[in-house]
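Working notes, structure below.
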């Protein structure tokens, strides 16, 4: 299991750095964020979450919420990754790079 997911499931708040430019200009590649444990039910449209969609782990935006399907996840450039209920953390702070 992904160590970050494991720590979040254990209730630990963690700092994470993910590579990629899909969240520019909100997040830069490898910019540190503080994640607190959460579930999909506690998230809202516009939140940045640490989640798994179709086997891939993302730090991406919540684009929509549906009681049956969970959260629709996408990047900051219009790409939609899909629907998931596998949400482990929510960004509570974007740390300076």
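In my numbering, the protein residues as written are 1225 to 1321. All residues carry an ideal CB built from backbone N, CA and C; glycine is no exception.
Selected residue, minimal CA-CA separation from residue i, among the options
{"i": "residue 1277", "options": "1294, 1259, 1265", "result": "1294"}
{"i": "residue 1243", "options": "1282, 1302, 1266", "result": "1282"}
{"i": "residue 1234", "options": "1318, 1259, 1272", "result": "1259"}
{"i": "residue 1225", "options": "1280, 1246, 1267", "result": "1280"}
{"i": "residue 1301", "options": "1245, 1263, 1230", "result": "1245"}
{"i": "residue 1314", "options": "1305, 1297, 1271", "result": "1271"}
Through-space distance from residue j to residue i, alpha-carbon basis
{"i": "residue 1285", "j": "residue 1299", "result": "6 Å"}
{"i": "residue 1309", "j": "residue 1291", "result": "10 Å"}
{"i": "residue 1317", "j": "residue 1266", "result": "17 Å"}
{"i": "residue 1239", "j": "residue 1263", "result": "18 Å"}
{"i": "residue 1254", "j": "residue 1236", "result": "20 Å"}
Residues sharing a beta bridge with residue i, DSSP
{"i": "residue 1286", "result": "1297"}
{"i": "residue 1317", "result": "1258"}
{"i": "residue 1200", "result": "The chain is shown from 1225 up to 1321; residue 1200 falls before or after that span and cannot be answered."}
Inter-residue CB distance, residue i and residue j (contact presumed, cutoff 8 Å)
{"i": "residue 1256", "j": "residue 1269", "result": "Incorrect: roughly 24 Å between the Cβ atoms, too far for contact."}
{"i": "residue 1312", "j": "residue 1232", "result": "4 Å"}
{"i": "residue 1320", "j": "residue 1274", "result": "That belief does not hold up - the Cβ atoms of residue 1320 and residue 1274 are roughly 19 Å apart, past 8 Å."}
Practice item. Can you check the stretch 1225-1284 for any alpha helix (DSSP H) of at least 4 residues that lies completely inside it and give the ranges in chain order? Key: 1227-1233
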